[in-house]
Structures are given as C-alpha cells and as structure tokens.
Amino acid sequence: SFEGRVEVYHDGKWGTICDDQWDDRDAEVVCRQLGLSGTPKALSWAHYGQGSGPILLDEVQCSGNELSLDQCKKSDWGQQNCDHIEDAGVSCDPFTGTDVQPLPVRCSRSYPHITWLAQQGTVRLAGGRSPGEGRVEVYYNGDWGTVCDDGWTDLGAQVVCRQLGFR
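Per full-length UniProt numbering, the sequence shown starts with residue 1, numbered consecutively.
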C-alpha cells in the first residue's frame, strides 16, 4: 500500500505520530524514507483510523529535504499532548508522480524494521535466483503485471529496492 497511518519504531516499540504541525513536507520525508515515489500528501485527524499504544512523536516540522523523520525538527521522543484522534497519516500516490517506472532489479541487505503491506501500487520481484533480484511486477486493479523497461535507470532500481525494504 502507498497510504496509511504513520507509525514509527523507537526504543523497542511501535507508536503513532501526532498531527500537530503535520503537513505535506513531513509526508514527503515519510514517502522518501519508505522508498515510495509519487505525490506526498499529509492527512490528519486519524484519517486512516486511530492507532493504539504510545504516541511517540509530536510537532514534526520537516523542511521536506530530509532522508528520514529522525532528521526533522520535532518534539523529544514520547513528549506529546495528543490523543489517537490526532494520529498522522500519509499518501504517497505512485500514480501521480513523474518518476520513471523501474524494471529489472538486484537489491542487497534488507531493512527489517520497515514494513509495508502489499496493496494497489505495490511492487515485487519475480523469477530471480534470490529474494533480492528479479523482474519487477506491480500490483494494480487486483492483478500483478510487468513494467516496460523504456527509460529504465539505476535510480529506478534503487527506488524499487527501497520500496521492497532493501538498500
């Protein structure tokens, strides 16, 4: 999936982010951190449902150029004045961006702390000799399909690898 409630992992636990100061620049950083291209959009007021457990971040104020939320200005971890009705969300719609769609890929070393559920717009690798290589396929309208290699570059391969949780 390319949209949902944002949850972060810190100090051994998962938690949500409060939507105070939450905007499209913050969403841009989340999308980048997850390796997703497209148009980032910030959503507030628990648009994707209320989380449970701790609210770990508040007052996140990214410039939009950071590589991860950890580099953004924000409250200290766990310091917040929110309720889960204020859980932040993002949409990283891959069908509205102008980035090149990738095809063949070889990835290395996974990031097990990043998970993203397979839904519309999700990519996978098929037919490779290992889980980190193969033909790029995209899930769209209930079916998996291949991607044309016109305009294929190493940059596209890097995006797919990050989207799959690899480097």
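Backbone N, C-alpha and C fix where the C-beta goes; we use that ideal spot for every residue, glycine too.
Where does Cys18 land, buried or exposed, given buried means 16+ other C-beta within 10 angstroms?
Here residue 18 refers to the residue found at position 18 when the sequence shown is read from its first residue. Cys18 should be labelled buried.
6 Å CB neighbourhood of Cys31 in its chain, flanking five on each side removed
Here residue 31 refers to the residue found at position 31 when the sequence shown is read from its first residue. Excluding positions up to five away in sequence, the list reads Pro40 and Cys92.
Backbone secondary structure at Asp23 - three-state DSSP:
Against the sequence shown, residue 23 aligns to sequence position 23. Here Asp23 sits in coil by DSSP.
Just checking, does the region 47-55 make contact with the region 21-35 on the three C-beta pairs under 8 Å criterion?
no
Beta-carbon spacing of Arg5, Asp87 below 7 Å:
Within the sequence shown, residue 5 is the residue found at index 5, counting from 1. Within the sequence shown, residue 87 is the residue found at index 87, counting from 1. Against a cut-off of 7 Å, the Cβ pair of Asp87 and Arg5 comes out as a contact.
Inter-residue Cα distance where the pair is Cys161 and Leu36:
Taking the sequence shown and counting its residues from 1, the one referred to as residue 161 is at position 161. Taking the sequence shown and counting its residues from 1, the one referred to as residue 36 is at position 36. Looking at the two C-alpha atoms, the distance is approximately 10 Å.
Straight-line gap, Asp150 to Cys62 (C-alpha atoms, nearest Å)
To locate residue 150, count along the sequence shown from 1; it is residue 150. To locate residue 62, count along the sequence shown from 1; it is residue 62. Their Cα atoms are separated by approximately 34 Å.
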